[in-house]
Amino acid sequence: MKSNKILSILIAAIALIGAFLFIRIFMEDAEMIKTDAALQNKVISPMIYYSTFLLYAAVIIAVVLSLWSLIRNPQNLKKTLLGLGVLGVFLIVAYFMSDSNAVLDTQGVVLEGGEAGTTSNKWVGTGIWYSIILGGIASLFFVYDLLKGLIKS
1 MKSNKILSIL IAAIALIGAF LFIRIFMEDA EMIKTDAALQ NKVISPMIYY
51 STFLLYAAVI IAVVLSLWSL IRNPQNLKKT LLGLGVLGVF LIVAYFMSDS
101 NAVLDTQGVV LEGGEAGTTS NKWVGTGIWY SIILGGIASL FFVYDLLKGL
151 IKS
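Mapping the sequence shown onto the working numbering, position 116 (from 1) lands on 116, and the numbers just tick up by one.
Structural data, given as structure tokens:
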């Protein structure tokens, strides 16, 4: 019960700080914010730093708690490592399916930085193929679950 109270106070403090920074932005003239760099740094930069801090804190807390949970439960550690291995295999398959051809715009002109053979082209293609593979597998499981539900009914 005490940890819930501490957590509620922490959440309220985070919200109040965010609200204060947000209100500071709206207290200034919108046109002045667009044109005055000093005002931007004074009003908008603290909100950006605060948001970035909260993002990093959330990621670190999520990773640490996940690792702690895995360490405390070795059976879940095996399942997680197996799942990561399977995802790694899919990533390797996607990497070999992708190409590093030139990236063209609608007129057929090679975009800046999109020349044939660049590493970024290869990894973008890998990301696209990886998404397609995982989406296809998710779709198959969705259809399987749907059919299983229809058969049981």
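Idealized CB from N, CA, C, for every residue including glycine.
Element boundaries [alpha helix (DSSP H), containing residue i]
i	result
Gly88	74-97
Thr118	Per DSSP, Thr118 belongs to no alpha helix (DSSP H) and is neither H nor E.
Gly108	Where Gly108 is concerned, there is no enclosing alpha helix (DSSP H), given that its DSSP letter is neither H nor E.
Asn4	2-27
Ala30	30-35
Cβ pair residue i, residue j closer than 9 Å
i	j	result
Ala102	Gly127	no
Ile17	Ile25	no
Ile14	Leu39	no
Phe181	Ile133	There is simply no residue 181 to check, as the chain begins at 1 and stops at 153 in what is shown.
Glu31	Val43	no
Leu21	Tyr50	yes
Spatial neighbours of residue i in its chain, beta-carbon cut-off 7 Å, leaving aside the 5 residues before and after
i	result
Leu70	Asn76, Leu77, Thr80
Close beta carbons around residue i, own chain, < 6 Å, minus the five adjacent residues each side
i	result
Met97	Trp129
Val109	none
Close Cβ partners of residue i (< 8 Å) along its chain, the five nearest in sequence each way excluded
i	result
Leu140	none
Contiguous alpha helix (DSSP H) assignments of at least 4 residues, all confined to the region 44-69:
none
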